[in-house]
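Residue numbers (my numbering), protein chains in the order written: chain E, 39 to 235; chain F, 39 to 235; chain C, 39 to 235; chain U, 39 to 235.
Number of protein chains: 4
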Amino acid sequence: MGPTRDPARRGRPRSQAARTAVLRAAADLALDGGPAAATVEAIAKRAQVSRTTIYKWWPSAAAIVLEGLLDTVRDSITRPPGSTAVEAVTHHVGSLNSILADPAVGPLLRNVIAASPADPAIERALLDQWITPRRAAVAATLREAVDRGELSADVDIEVAVDALVSPPYYRLVFGMAPLDGDAVLRLVQTVWQGCRR
Amino acid sequence: MGPTRDPARRGRPRSQAARTAVLRAAADLALDGGPAAATVEAIAKRAQVSRTTIYKWWPSAAAIVLEGLLDTVRDSITRPPGSTAVEAVTHHVGSLNSILADPAVGPLLRNVIAASPADPAIERALLDQWITPRRAAVAATLREAVDRGELSADVDIEVAVDALVSPPYYRLVFGMAPLDGDAVLRLVQTVWQGCRR
Amino acid sequence: MGPTRDPARRGRPRSQAARTAVLRAAADLALDGGPAAATVEAIAKRAQVSRTTIYKWWPSAAAIVLEGLLDTVRDSITRPPGSTAVEAVTHHVGSLNSILADPAVGPLLRNVIAASPADPAIERALLDQWITPRRAAVAATLREAVDRGELSADVDIEVAVDALVSPPYYRLVFGMAPLDGDAVLRLVQTVWQGCRR
Amino acid sequence: MGPTRDPARRGRPRSQAARTAVLRAAADLALDGGPAAATVEAIAKRAQVSRTTIYKWWPSAAAIVLEGLLDTVRDSITRPPGSTAVEAVTHHVGSLNSILADPAVGPLLRNVIAASPADPAIERALLDQWITPRRAAVAATLREAVDRGELSADVDIEVAVDALVSPPYYRLVFGMAPLDGDAVLRLVQTVWQGCRR
DNA sequence: TTCTAATCGAGACGGTACGTCAGGTCTTCTC
DNA sequence: GAGAAGACCTGACGTACCGTCTCGATTAGAA
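Okay, structure coming up:
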């Protein structure tokens, strides 16, 4: 209930310019050069920031890319006001697919996913800050539909969520062409129908 | 009409012992140690094979792991004799899920997937030798069901395949718990129902 | 008008301990093992210094040996005070011969000479920092003797220098026994006499 | 005095074509590329000969270069008929200097010298087949002059030989310009005069 | 103002793995 | 039996990044 800002922060404050320069540089390098290009060394050089500073604030290059990623897609889980359950799901899967298909985002996420098996911290962050919230949003909508009787009571929500959201990731991680808008519609429709009886 | 043996193989023949030792070592290292442990250096040491020999036959550590992987799951795309279409699909998705959930296989595939964004050759091989044949098998079965009128004529086969096969991969790459047998059944059922009308 | 200390030296200062350890290790290895033993790898190991640090400061193993060599014989070109020209020349050739005959120096120089045809930088350094200053010292003394009328005016200084200094090198590079003190005396005497008329 | 050819040599005889091709290739490579270029690997490739064959007949690349060198300068120790001692010495030193100054020979010898500290066999061969015969020829001539009273009886033959022959080598191994004809004359004259009294 | 504390930039350092090159040794087939 | 072809192990190369470590320079609030 008191003021949350720390009143006793002495010393030189953290440079916001350095932070954004680093995030920007990491994204740029990763986008044209792949994961191999986004090394701490290269990021430091491009961001005009010393390596020491980077190591002070981030544990790895992948962590930088992930932080930049989460920054850009913050608040991307939305539900159109007044929408029905099926509309909401369609909107969610559609915007998820759009994000992953975005050439300025998808490759970055793919890089972070690639870093995750070697780095438990990345794996955790990815689950907690990316996967789980999105699954929860879809699951809530489905549960609502079940409650309203729109969907069968014995639907396995987790399985339904899997069927709805995994295709865009699957296509991303294997470098396949992303789903187009129609395909997303058909996907949702198919699963939705399958959940009615 | 002579025997099949190649008459013109000059020079010392390739050591099969070395090949298998390398594949074995790579798998072992990757399984307990993650992708970071399966370096060419470490593989060479563990397999008692020289680094140069490895570089002669494989372009990277990931390529070794992939080759070992493809070796172990060779001919894993099967269809139970006399099975109906839905049984065949269920069998396929179930065995795919089992493979990915196998603690001696899944992590290896996850590592290879992680290597793919940085290595176009790995990405290609993964698509051509892993993904495409499996998709084709499922797609053929679905098409057969459509032809027989078991499924609606306007089913989008690619979308249906996506919904059926992507969940196991999705759970693998994000380090989530794999689907259990029941979940696989429900997944297939849901999608199958969704494709009937 | 402050002290001579450099005010603008940023970053971690170079480790003198590492430098001397490397020079020492290189000399030791080269002395018992020959040029083949003094690899950068072996030097790094023996000096307890990382290979990268070595590559940061020296371009090759031979360069290290040469630097150590130049360190140990620094200021070895001296002229006894109050000496006549012939005494000075005798002293110079004698001490040159002693250096090359020194089992802790000669083999090192021989190694560096062996490296020179394959490495222009070594060849240059050898000429500029070893050969030329020594030739110049002898040439100056001879020229002085000519000026004083002790030697004939039409002496070819370069040829005389060659005759005086080359034998110790010749014996070193071919692995022959070095000249002893008497032989040096006779050598100088012979050439000196040959230069009087 | 029967035929010198061994009557009991069974199997395929050694290919002379291979031998000369190897010697030629080694010389060519060493001449434009320095010692680093004349590897067994490169020689085999250029000579169109298998590496195995080379290793069968020569112990190292330097040995090949040396053998080629000795082939080309065979019988180069001559004495002009009817020449006086001083003429003979002048001729010898002059032709030695010419050989070392020859751009098709000097660099090869320099390479072999460079290989000698790391290879006792090369060092031995160089002394036995190159240095010693030449020193012996000069020493014999000098001794003859002493016997005839042309030179002082207390001349140190070894020292005199050193002074006469070492300058060309010295200049070769350090990459200095070779002596020209006049310089050779003055060198011999100087030493000769110095040996008279 | 001066002190104190933190950040930042520069750069050296010990490591690990990379991918390559050459050296030798070997095994097999061909002439 | 000589030679060619080629696989193999060994060891060193020079490079790229890693993560850590000194330093000095900078920038703030606190004394």
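Note that beta-carbon positions come from the ideal geometry of N, C-alpha and C, so glycine has one too.
Excluding the 5 residues flanking residue i on each side, which residues of the same chain have their C-beta closer than 8 angstroms to its C-beta?
i, result
"VAL229(U)", "ALA198, ALA201 and LEU202"
"LEU134(U)", "ARG172, VAL203 and PRO206"
"ARG186(F)", "ALA123"
"VAL193(F)", "LEU180, VAL184 and CYS233"
"GLY219(E)", "GLY132"
Enumerate in chain order the residues of its own chain whose CB-to-CB distance from residue i is below 7 angstroms, with the five nearest sequence positions on each side excluded.
i, result
"THR160(E)", "Reading off the sequence, residue 160(E) comes out as Ile, not Thr. The answer, listed in chain order, is ALA100, ALA101, LEU104, VAL150, ALA153 and SER154."
"ARG148(E)", "LEU210 and VAL211"
"ASP157(F)", "SER98 and ALA100"
"THR42(U)", "Legend: pLDDT at THR42(U) = 38, less than 50; position of this residue unreliable, value from coordinates given subsequently. Once the five neighbours on either side are set aside, THR42(U) has no close Cβ partner at all."
"MET39(U)", "Residue confidence for MET39(U) is low, a pLDDT of 36 falling below 50, so the modelled location carries little weight and cannot support an answer."
"ALA59(C)", "ALA85, GLN86 and VAL87"
"ALA65(U)", "VAL103, GLY106 and LEU146"
"THR91(U)", "ALA56"
"GLU188(F)", "ALA123"
"ALA167(U)", "Checking the displayed sequence, the identity of residue 167(U) turns out to be Gln instead of Ala. Excluding sequence neighbours, GLN167(U) sits near LEU108."
Since residue i and residue j should fall inside the 8 angstroms C-beta cutoff, what is the C-beta to C-beta distance between them, to a whole number of angstroms?
i, j, result
"LEU67(E)", "ALA75(E)", "5 angstroms"
"THR116(U)", "LEU223(U)", "Not quite, the Cβ-Cβ distance comes to about 19 angstroms (not below 8 angstroms), so this is no contact."
"CYS233(C)", "SER204(C)", "So it is not a contact: roughly 16 angstroms between Cβ atoms."
"VAL78(E)", "ARG89(E)", "6 angstroms"
"LEU107(F)", "LEU146(F)", "5 angstroms"
"GLU125(U)", "PRO118(U)", "7 angstroms"
"ARG47(F)", "GLN231(E)", "ARG47(F) to GLN231(E), Cβ: 59 angstroms. No contact."
Sorted by chain position, which residues of the same chain lie with C-beta nearer than 6 angstroms to residue i's C-beta, five sequence neighbours on each side aside?
i, result
"LEU164(C)", "SER154"
"VAL131(E)", "LEU202, VAL222 and VAL226"
"ASP44(U)", "Here the model assigns ASP44(U) a pLDDT of 45, short of 50, so the residue's position is not dependable and the matter cannot be decided."
"GLY144(C)", "LEU138 and LEU210"
"ALA96(F)", "Residue 96(F) is actually Trp in this sequence, not Ala. Once the five neighbours on either side are set aside, the close Cβ partners of TRP96(F) are ILE102."
"GLN54(E)", "none"
Considering only heavy atoms of the ligand SAM, does any lie closer than 7 angstroms to the CB of residue i?
i, result
"ILE137(C)", "Among the components modelled here there is no ligand, and therefore nothing to report on the ligand SAM."
Exercise for review: Taking only beta carbons into account, state which residues of the region 163 to 194 of chain E come closer than 7 angstroms to chain F, listed in chain order.
Suggested key: LEU164, LEU165, ILE169 and ASP194
Check your understanding: Do the region 133 to 140 of chain U and the region 63 to 83 of chain U make contact, defined as three or more Cβ pairs closer than 8 angstroms?
Key -> no
Check your understanding: Is the region 204 to 211 of chain F in contact with the region 213 to 225 of chain E, if contact means three or more CB pairs nearer than 8 angstroms?
Key -> no
Practice item. Could you name the residues of the region 105 to 120 of chain C whose beta carbon sits closer than 9 angstroms to any beta carbon of chain U, in the order they occur along the chain? Key: none
Exercise for review: Could you tell me whether the region 162 to 177 of chain E touches the region 168 to 182 of chain F, where touching means 3 or more Cβ pairs closer than 8 angstroms?
Suggested key: no
**Study point:** Residues of the region 62 to 79 of chain U whose Cβ lies closer than 7 angstroms to any Cβ of chain C, in chain order
**Key:** GLY72, PRO73 and ALA74
**Study point:** Contact set between the region 123 to 149 of chain C and chain U, restricted to residues whose Cβ is under 9 angstroms from the partner
**Key:** PRO145, ARG148 and ASN149
Practice item. Scan the region 211 to 227 of chain C for residues whose Cβ lies nearer than 9 angstroms to a Cβ of chain U and list them as they occur along the chain. Key: VAL211, PHE212, GLY213, MET214, LEU217, ASP220, ALA221, VAL222, ARG224, LEU225 and GLN227
Point to revise | Residues, ordered as in the chain, of the region 151 to 162 of chain F that lie near chain E by beta-carbon distance below 8 angstroms | key: ILE151, ALA152, ALA153, SER154, PRO155, ALA156 and GLU161
Review point. Along the region 88 to 107 of chain U, what residues have a CB closer than 9 angstroms to any CB found in chain C?
Key: none
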